[in-house]
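Colleague: Listed in order, the protein sequences are those of chains A and B. Quick note on the numbering used here: the first sequence kicks off at 1 and runs consecutively. Quick note on the numbering used here: the second sequence kicks off at 248 and runs consecutively. Even for Gly, the Cβ is constructed at its ideal location relative to N, Cα and C. Let me begin by handing over the structure; questions about it come next.
Number of protein chains: 2
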Amino acid sequence: MDVPRRRLLLISNSTLHGGGYLGHCQQQIKSFLGEKVKRILFVPYALHNQDAYAKTAREKLENVGYGVDSIHEFSDPVEAVRKSEAIFIGGGNTFRLLKALYDKSLIQEIRKRVLEDGIPYMGSSAGSNAATISINTTNDMPIVYPPSLEALGLVPFNINPHYLDPDVNSTHMGETREKRIFEYHEESNTFPVLGLREGSMLLVEGNKATLQGVTGARLFVRGKSPTEHQPGADFSFLLANSNLHNP
Amino acid sequence: MDVPRRRLLLISNSTLHGGGYLGHCQQQIKSFLGEKVKRILFVPYALHNQDAYAKTAREKLENVGYGVDSIHEFSDPVEAVRKSEAIFIGGGNTFRLLKALYDKSLIQEIRKRVLEDGIPYMGSSAGSNAATISINTTNDMPIVYPPSLEALGLVPFNINPHYLDPDVNSTHMGETREKRIFEYHEESNTFPVLGLREGSMLLVEGNKATLQGVTGARLFVRGKSPTEHQPGADFSFLLANSNLHNP
Numbered sequence: 001m002d003v004p005r006r007r008l009l010l011i012s013n014s015t016l017h018g019g020g021y022l023g024h025c026q027q028q029i030k031s032f033l034g035e036k037v038k039r040i041l042f043v044p045y046a047l048h049n050q051d052a053y054a055k056t057a058r059e060k061l062e063n064v065g066y067g068v069d070s071i072h073e074f075s076d077p078v079e080a081v082r083k084s085e086a087i088f089i090g091g092g093n094t095f096r097l098l099k100a101l102y103d104k105s106l107i108q109e110i111r112k113r114v115l116e117d118g119i120p121y122m123g124s125s126a127g128s129n130a131a132t133i134s135i136n137t138t139n140d141m142p143i144v145y146p147p148s149l150e151a152l153g154l155v156p157f158n159i160n161p162h163y164l165d166p167d168v169n170s171t172h173m174g175e176t177r178e179k180r181i182f183e184y185h186e187e188s189n190t191f192p193v194l195g196l197r198e199g200s201m202l203l204v205e206g207n208k209a210t211l212q213g214v215t216g217a218r219l220f221v222r223g224k225s226p227t228e229h230q231p232g233a234d235f236s237f238l239l240a241n242s243n244l245h246n247p
Numbered sequence: 248m249d250v251p252r253r254r255l256l257l258i259s260n261s262t263l264h265g266g267g268y269l270g271h272c273q274q275q276i277k278s279f280l281g282e283k284v285k286r287i288l289f290v291p292y293a294l295h296n297q298d299a300y301a302k303t304a305r306e307k308l309e310n311v312g313y314g315v316d317s318i319h320e321f322s323d324p325v326e327a328v329r330k331s332e333a334i335f336i337g338g339g340n341t342f343r344l345l346k347a348l349y350d351k352s353l354i355q356e357i358r359k360r361v362l363e364d365g366i367p368y369m370g371s372s373a374g375s376n377a378a379t380i381s382i383n384t385t386n387d388m389p390i391v392y393p394p395s396l397e398a399l400g401l402v403p404f405n406i407n408p409h410y411l412d413p414d415v416n417s418t419h420m421g422e423t424r425e426k427r428i429f430e431y432h433e434e435s436n437t438f439p440v441l442g443l444r445e446g447s448m449l450l451v452e453g454n455k456a457t458l459q460g461v462t463g464a465r466l467f468v469r470g471k472s473p474t475e476h477q478p479g480a481d482f483s484f485l486l487a488n489s490n491l492h493n494p
């Protein structure tokens, strides 16, 4: 495969404690989309109330200077993707989101627009999970059953958004996030998992990946100890796995 | 359907903070299994290291007075279920557990043994999820993809084990447990969800269900406000839904 034209901004979380929707990543969004993009195609499928969700996203992104079309307002969503200049998939429930992407036959078209045509893709939370190889490392409840856990495969690894460090004072006995990711890596044929703390995001430009934001990230690779990475870290090596799958 | 002969002990969590494995529910296990049962068939599929898991369960349950056979030590697991006097499915990853139950063709046989033959079934955490209508309300990561989210259907509702009340002081923006269950109920054809706090368990004898343990439970019914229930609460009404599905 040639160098993909992909341009991705994968955000851990849309709202940071104490801030408003997309408040903590406005600058990154602006610098990512630049001035060429005029309109963003918003994908609200991860939430139940898509009208309200589109309204929130529209208000915020218009403030940053972009027009917003919400895919749920189109009679032909595949055609909407085909004509889009940029895509933003919002957070919510990852299973619901992925099922909708399959049910509406959007997987291949989004892949094509991003990997071949090079339009920018932004995701936050569930929308970042959806961009990766699979949703195996989502934090969400499986409230619906998608036809597969394989996702858009825009990058050949997994993300765990809202990554939470183990709380040493907790008396709760449910598995920590770290333990859950270790369980994933007990299975064979599993991919690296980038734990993006709230406030972190990953910028991907072709074959270069850089950690942005302020909170850092923790990387889990099967068979190795987890490693800690600071803002600015170069994660391009995670893109080197040429095994980009085709769902 | 006639009154099912089912006898179930569905435990939120196998280990309570500060205690040992099954420490907080030894008395309930003893009183549930009684003196007629001599040997328990343990199902360790939710954890990766099944030998170690079986060893832990064997030590604990032998202390309480029962012999333990672990299903993973049999060449024919269906036959092991067919001959069992009691079944205990331990916790771990619910997706991994359910996939194993399907892959090994155990769903129908366990249903038959419990609902028709009346052998006692104990589950903890993932093993409690597996006993219900579906695993839609597990807390676990989808590390593998089972052929369905439908579970054993021994009761016509869902359980959320390790139920956690919202932490009003948290700055983490990931969904609370309550919010996740609300998201499940935004979907159509969804079932009541019993949030069993750590330290709680549900005893089902035929068509009678009683909350045991010390921490209480929270019940979520689609379209209604959640309700709080104390130890000793009668949950028999949850069994009245005759819509027991056949996976």
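Mind pulling the chain B residues with CB within less than 8 Å of leucine 16(A)?
Modeller: Met420, listed in chain order.
Colleague: Can you tell me the Cα-Cα spacing of glutamate 59(A) and phenylalanine 74(A), whole angstroms?
Modeller: Straight-line Cα distance between these residues: approximately 19 Å.
Colleague: Looking at valine 361(B) and threonine 379(B), is the spacing between their C-beta atoms short of 8 Å?
Modeller: For threonine 379(B) and valine 361(B), no; Cβs fall outside 8 Å.
Colleague: Any beta carbon from chain A within less than 8 Å of leucine 396(B)'s own beta carbon?
Modeller: For leucine 396(B), the answer is yes, since a Cβ of chain A falls inside 8 Å of its Cβ.
Colleague: Is glutamate 126(A) buried or exposed, if buried means 16 or more other CB atoms sit within 10 Å of its CB?
Modeller: Checking the sequence shown, residue 126(A) turns out to be alanine, not glutamate. So alanine 126(A) counts as buried.
Colleague: Per DSSP, which one or two residues make a beta bridge with alanine 333(B)?
Modeller: DSSP, once it has assigned bridges, lists no residue as partnering alanine 333(B).
Colleague: What residues of chain A sit near leucine 411(B), judged by a beta carbon separation below 7 Å?
Modeller: What leucine 411(B) touches in chain A: His172.
Colleague: Does the contact criterion of 3 or more C-beta pairs under 8 Å hold for the stretch 443-450 of chain B versus the stretch 397-415 of chain B?
Modeller: Touching, per the Cβ criterion.
Colleague: Could you tell me whether any Cβ in chain B is nearer than 8 Å to the Cβ of asparagine 136(A)?
Modeller: With 8 Å as the cut-off, asparagine 136(A) counts as an interface residue toward chain B.
Colleague: According to DSSP, simplified to helix, strand and coil, what is serine 278(B)?
Modeller: Helix, per DSSP.
Colleague: Could you tell me the distance, in whole angstroms, from the CA atom of serine 483(B) to the CA atom of leucine 449(B)?
Modeller: Their backbone Cα atoms lie some 11 Å apart in a straight line.
Colleague: Starting from glutamate 434(B), find everything on chain A with Cβ-Cβ shorter than 7 Å and list it in chain order.
Modeller: Correct list: Ile143 and Val144.
Colleague: For chain A, check one thing: does any of its Cβ atoms lie closer than 8 Å to the Cβ of tyrosine 431(B)?
Modeller: Yes, because at least one Cβ of chain A sits closer than 8 Å to the Cβ of tyrosine 431(B).
Colleague: Quick one: using the 10 Å Cβ neighbour count with 16 as the cut-off for buried, is asparagine 246(A) buried or exposed?
Modeller: In this prediction, asparagine 246(A) scores a pLDDT of 38, lower than 50, which makes its location untrustworthy; no coordinate-derived value is stated.
Colleague: Where does the unbroken beta strand (DSSP E) through asparagine 407(B) begin, and where does it stop?
Modeller: Where asparagine 407(B) is concerned, the enclosing beta strand (DSSP E) stretches over 405-410.
Colleague: Please list, in chain order, the chain A residues whose beta carbon lies closer than 7 Å to that of asparagine 386(B).
Modeller: Going along chain A in sequence order, the residues near asparagine 386(B) (Cβ under 7 Å) are Gly174.
Colleague: Just verifying my parser: in three-state terms, what is the DSSP assignment at phenylalanine 237(A)?
Modeller: DSSP places phenylalanine 237(A) in helix when its eight states are reduced to three.
Colleague: Could you tell me which residues DSSP pairs with glutamate 205(A) in its beta bridges?
Modeller: DSSP, once it has assigned bridges, lists Arg7(A) and Lys208(A) as partnering glutamate 205(A).
Colleague: For asparagine 496(B), return the contacting residues in chain A, with the cut-off set at a CB-CB distance below 8 Å.
Modeller: Any question about residue 496(B) goes unanswered here, given that chain B covers just 248 to 494.
Colleague: Comparing the CB of serine 371(B) with every heavy atom of the ligand ADP, is any distance shorter than 7 Å?
Modeller: The ligand ADP is not among the ligands present in this structure, which contains no ligands whatsoever.
Colleague: How big is the Cα-Cα spacing for arginine 5(A) and lysine 38(A)?
Modeller: Approximately 19 Å, taken between the alpha carbons.
Colleague: Are leucine 106(A) and valine 78(A) touching if we call contact CB-CB under 8 Å?
Modeller: In contact: leucine 106(A) and valine 78(A) (Cβ atoms closer than 8 Å).
Colleague: Quickly, what does DSSP pair serine 70(A) with across the bridge? List them, please.
Modeller: Paired residue(s): Phe42(A).
Colleague: Could you spell out the range, first to last residue, of the beta strand (DSSP E) harbouring serine 124(A)?
Modeller: Per DSSP, serine 124(A) belongs to the beta strand (DSSP E) from 121-124.
Colleague: Indicate whether leucine 22(A) and glycine 123(A) have their beta-carbon atoms separated by less than 8 Å.
Modeller: No, they are not a contact pair.
Colleague: Check the C-beta distance from alanine 86(A) over to leucine 41(A) and give it rounded, since I have them as a contact under 8 Å.
Modeller: Indeed, because the Cβ distance is near 7 Å, the residues count as touching under 8 Å.
Colleague: Suppose you measure from the CA of leucine 98(A) to the CA of glutamate 186(A); what does that come to, to the nearest Å?
Modeller: C-alpha separation (whole angstroms): 24 Å.
Colleague: For alanine 378(B), does the three-state DSSP call read helix, strand or coil?
Modeller: Correct three-state label for alanine 378(B): helix.
Colleague: Provide the residue span of the beta strand (DSSP E) that contains phenylalanine 191(A), from first to last.
Modeller: Run containing phenylalanine 191(A): none; DSSP gives neither H nor E here.
Colleague: Flag histidine 48(A) as yes if its beta-carbon sits less than 8 Å from any beta-carbon of chain B, otherwise no.
Modeller: Yes - at least one Cβ of chain B is within 8 Å of the one on histidine 48(A).
Colleague: Beta carbons nearer than 9 Å to chain B: which residues of the stretch 187-208 of chain A have them?
Modeller: Listed by position along the chain: Glu187, Thr190 and Glu198.
Colleague: Can you tell me which of the three DSSP states leucine 399(B) falls into?
Modeller: Residue state, collapsed to three classes: coil.
Colleague: What are the residues in the stretch 318-345 of chain B lying within 7 Å of chain A by C-beta distance?
Modeller: If the cut-off is 7 Å between Cβ atoms, the stretch 318-345 of chain B has Asn340 near chain A.
Colleague: Cα separation between glycine 20(A) and threonine 56(A)?
Modeller: Distance between the alpha carbons of glycine 20(A) and threonine 56(A) is about 10 Å.
Colleague: With DSSP as the reference, label leucine 466(B) as helix, strand or coil.
Modeller: DSSP places leucine 466(B) in strand when its eight states are reduced to three.
Colleague: Mind checking whether proline 394(B) and leucine 280(B) have CB atoms under 8 Å apart?
Modeller: Result no, Cβ atoms of proline 394(B) and leucine 280(B) do not sit closer than 8 Å.
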